[in-house]
Amino acid sequence: MPSEIITLQLGQCGNQIGMEFWKQLCAEHGISPEGKLEPFATEGSDRKDVFFYQADDQHYIPRAVLLDLEPRVIDGILKSPYKHLYNPENVYISKDGGGAGNNWAQGYHQGDKLSEEIFDIIDREADNGDSLEGFVLCHSIAGGTGSGMGNVVVQPYNSILTLKRLTENADCTVVLDNTALNRIATERLKKTTPTFAELNQLVSTIMSGSTSTLRYPGYMNNDLISLISSLIPTPRLHFLISAYTPLTSDNTESEVRKTTVLDVMRRLLQPKNVMVTTASRDKNITHCYVSILNIIQGEVDPSEVHKSLMRIRERKLAEFIPWGPASIQVALSKKSPYVTTQHRVSGLMLANHTGISSLFDRICEHYDKLIKREAFVENFRRLPMFKENLDEFTDSREAVQGLMDEYRAATRKDYINFGNSETTQEICGYEFTAKLARMFQDVKVSDGLYTKFLDYLKSESSLNIQKQTMTNLIGLDFNIYVLQANSWPIAPLTTSTFLIPQPLEKPVRLFEAFYNKQYNGRKLCWMYNLSNGEIRMSHLDRPYFVTMGTYQMAILLTFNQQNKLTLNEVEEATKLNIKELEKQILPLIENKFLLNDTNNLTAKSVISINFKYKSKRTKFKILPTTQKENNQDSEVSQKTVDDDRKFYVQAIIVRIMKSRKTLKHNLLIEEVITQSKQRFIPSIHLIKKCIEILIDKQYLERNLTDEYTYIA
């Protein structure tokens, strides 16, 4: 069942952008302005249900809610050729009709008063769906309604206030900058004076392209979560930039050119095509990409994508973060068969780039100049939020500064320590952050070990190689993480034996020799079950690069000697127990790398190499089959969760008792549950256990009347 998404259009600009978006979706899905499916679109394989649903008369209705505090824009939509497309019950215009007057606080204040009616509309629309996945909000860029009722980066005061809420509440925000949009319309579309309608069309192109994999399903990114999860490695860094190519104006005859995947992907990386101005004025910071997702539309051979990625990597056209794995991910999507374009291939880039902080920096600079003189704050003081003081401005400015600091930290190799700052420890407490601190330290030490190991190999090597890389020295690219056993949520290795394959044995033994020389007395326990690598399949018509676990690599490598082996022989060659072997070999059989002569795996099953294997993809990943958690694992998991929660419960108890001083046992239990239920509902047993711990620590005292007293 396809996931469903509701679009909320807020304020003047939000509704104008939303209008262009629905026009484009109607054209791409063969839906008329009245919501009727065109005769030529009846056999389409597209997923209309993601953004539309069908009424009783079978015409298509957008999953959209239109909200504004003044009627002008929505009235214009309802008088347009698309007036019968929308559900009139999903249109809300404030009865006052006065708008927010370009004031964030006014929009926020009115939105709060109208929230019950608005949420009733949203709840009803959500109940219409069978598989609701999320919401897309279209916001204004300098108004009061769109920024106050929603969250968007706007002009100085409004932007500071809304950016705080964007940072705290949004899962993902695609930022579109008016300056960049005007530049693109002027330079690329040759518009002398771009109109708002033309800028809105650019925005709708980004919205349409970014949702194409949801509407035209392919191999990956077929839902909202998978679309954004790979782009956002840490929760706060969720502000994305975008680019689209090729863009053409109405007169396209002179602009037709040959489009290739490489040409499209190279153009997407050019700053002039990005719809946010990310130029930094700080020459000491080299901004870089945290992640990139390119959605390529059209009839594309996957081999073209692979060659293009290799070319971009060779030429170093994109600078990535130094602290973690990052690369360009590519999703292939079909183009609408109902919209004629002059180009064979088009592409959209969604990227997480640290240069977005430059936009926030410009906003803060303008804000600081205004707030220093308290210019134009009287309009805000009239509203309840700012009547007594301007603390909301101060809090919001600090939140934006924290966001900018984190983006700048992401350009450095030591960013991984940013989350373990003194501020985090102060907020969460030492006991909560201690284990996390050890994990960060492990990763940092492992990076240093890798460099030392490479130096060790160079010193031990007798090879006269000009460029002594890991691959040149030991025959393969080899990386390790040395982790403390008690610091990571990793279960002990349950496989009793495993015979590491010969190609992998050399680097393992070399690292053991190096490590024992560095740290005398320490014991290394290899976690082969958590290791993986890339194998090049060279026995087929074309090479395939497959990432898989170490156990699966060992299984495949046994077939270098013989084309056919029984399961017993594979077990003997790898020394894996039969249960683990079946778990690891099944995905290789299911993906047709290996063939099984029987329907079920038995000890005497004959496994053979599939020399006729073919796939459109040349690079992919194989995972072992997952197993259900047994009772013992479940108990261990629950104990770990309870251990993590007990500090939170203790803090709640101390906070309650510090305020009340004295409290009966039953009342304390009820109060703890009430204050904790927003995150989780603690068990009575856990609360009692935490009370006993606090009594032992002399925070509380129990008297004879079953009453607790705060004594710390």
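Heads up: take any position in the sequence shown, counting from 1, add 1421, and you land on our numbering.
Even glycine gets a Cβ: it sits at the ideal position worked out from N, Cα and C.
Do you know whose CA, among E1992, C1785, G1456, I1837, lies nearest V1821's CA? Considering only alpha carbons, the answer is C1785.
Cβ shell of R2123 (< 7 angstroms), same chain only, five flanking positions each side left out: Excluding residues within five positions, the ones whose Cβ falls inside 7 angstroms are I2116, Y2129.
With DSSP collapsed to three states, give me the class of P1638. Three-state result, P1638: coil.
Between the beta-carbon of K2042 and the beta-carbon of T1968, is there less than 7 angstroms? Yes.
If you run the structure through DSSP and keep just helix, strand and coil, what is C1559? It is a strand residue.
I need the straight-line Cα distance from T1872 to H1960, nearest angstrom please. Going from the Cα of T1872 to the Cα of H1960 covers about 34 angstroms.
Which word fits I1976, buried or exposed, when buried means at least 16 other C-beta atoms lie within 10 angstroms of its C-beta? By the neighbour-count criterion, in which a residue is buried when 16 or more other Cβ atoms sit within 10 angstroms of its Cβ, I1976 is buried.
For a quick check, are the C-beta atoms of V1751 and N1715 less than 7 angstroms apart? N1715 is positioned such that its CB atom lies closer than 7 angstroms to that of V1751.
Using 8 angstroms for Cβ pairs, my map puts E1449 next to Y1788. What's the rounded Cβ distance? Between Y1788 and E1449 the Cβ distance is about 40 angstroms, and since that is not below 8 angstroms, they are no contact.
Just tell me which of E1491, P1502, N1508 has its CA closest to the CA of I1514. For I1514, the closest of E1491, P1502, N1508 by C-alpha to C-alpha distance is E1491.
For Q1430 and V1471, which I take to be in contact (beta-carbon distance under 8 angstroms), what is that distance rounded to the nearest angstrom? Not confirmed; about 17 angstroms, so no contact.
Cβ-heavy atom distance between K1793 and the ligand HEM below 6 angstroms? The ligand HEM is not part of the structure shown, which contains no ligands of any sort.
In the DSSP assignment, what are the bridge partners of E1619? Answer by DSSP bridge pairing: none, since E1619 is not bridged.
Between T1673 and the rest of its own chain, which residues show a CB-CB distance below 6 angstroms, the 5 nearest in sequence each way excluded? Legend: pLDDT at T1673 = 44, less than 50; position of this residue unreliable, no value from coordinates given.
Could you give the distance in angstroms between the alpha-carbon of G1776 and the alpha-carbon of Y1828? Put simply, the backbone Cα of G1776 is about 8 angstroms away from that of Y1828.
Ends of the alpha helix (DSSP H) at L1771? Element bounds for L1771: not the alpha helix (DSSP H) but the beta strand (DSSP E), 1767-1774.
Mind the definition here: the segment 2066-2080 touches the segment 2023-2043 only if three or more C-beta pairs lie below 8 angstroms; say whether that holds. Touching, no, given that fewer than three Cβ pairs across the two stretches are closer than 8 angstroms.
Does the pairing of the segment 1732-1751 with the segment 1793-1812 give three or more beta-carbon distances under 8 angstroms? Counting Cβ pairs under 8 angstroms, fewer than three are found: no touch.
Let me confirm a value: A1831 is counted as buried when at least 16 other C-beta atoms fall within 10 Å, else exposed. Which label applies? The residue in question, A1831, is buried, as its Cβ has 16 or more Cβ neighbours within 10 Å.
Out of I1542, I1901, N1436, E1993, which one is the CA nearest neighbour of S1952? Closest by alpha carbon: I1901.
Would you identify the three-state DSSP class for Q1750, choosing helix, strand or coil? Three-state result, Q1750: strand.
Indicate the three-state DSSP secondary structure (helix, strand or coil) for F2041 in the structure shown. DSSP places F2041 in strand when its eight states are reduced to three.
Below 7 angstroms between beta carbons: does that hold for T1918 and K1996? Note that the C-beta distance between T1918 and K1996 is below 7 angstroms.
Cut-off 7 angstroms between Cβ atoms - residues of its own chain near I1956, not counting five sequence neighbours on either side: V1967, M1969, M1974, L1977, listed in sequence order.
Can we say the segment 2008-2028 touches the segment 1926-1943, given the rule of at least three CB pairs closer than 8 angstroms? Contact check between the segment 2008-2028 and the segment 1926-1943: fewer than three CB pairs, one atom from each, fall below 8 angstroms, which does not count as touching.
Cα-Cα separation between I1749 and I1543, rounded to whole angstroms: Approximately 36 angstroms, taken between the alpha carbons.
Could you tell me if L2125 is buried or exposed, where buried requires 16 or more neighbouring beta carbons within 10 angstroms of its beta carbon? Classification for L2125: exposed.
Range covered by the alpha helix (DSSP H) that runs through Q1445: Counting along the chain, Q1445 sits inside the alpha helix (DSSP H) bounded by residues 1432-1450.
Cut-off 7 angstroms between Cβ atoms - residues of its own chain near D1598, not counting five sequence neighbours on either side: Taking C-beta separations shorter than 7 angstroms and ignoring five residues to either side along the sequence, the partners of D1598 in its chain run M1696, V1697, T1698, L1780, following chain order.
Could you round the C-beta distance between L1824 and R1657 to whole angstroms and report it? I think they count as a contact, below 8 angstroms. With a beta-carbon spacing of about 6 angstroms, L1824 and R1657 fall inside the 8 angstroms limit used to define contacts.
Within 7 angstroms, strictly: CB atoms of G1555 and I1662: It is not a contact, given that the beta carbons lie outside the stated cut-off.
Excluding the 5 residues preceding and the 5 following L1904 in the sequence, name in chain order all residues of the same chain whose CB lies nearer than 7 angstroms to its CB. If you ignore the 5 residues before and after L1904, its C-beta comes within less than 7 angstroms of the C-beta of D1863, all in its own chain and listed in chain order.
Of all the options K2004, I2030, T1987, which has the alpha carbon lying nearest to the alpha carbon of T2023? Ranking K2004, I2030, T1987 by CA distance to the CA of T2023 puts T1987 first.
Along the chain, which unbroken stretches of the alpha helix (DSSP H) at least 4 residues long are found entirely within the segment 1971-2031? Annotation: the segment 1971-2031 contains the following complete segments of the alpha helix (DSSP H) (minimum length 4 residues), in chain order: 1971-1978, 1988-1995, 1999-2011.
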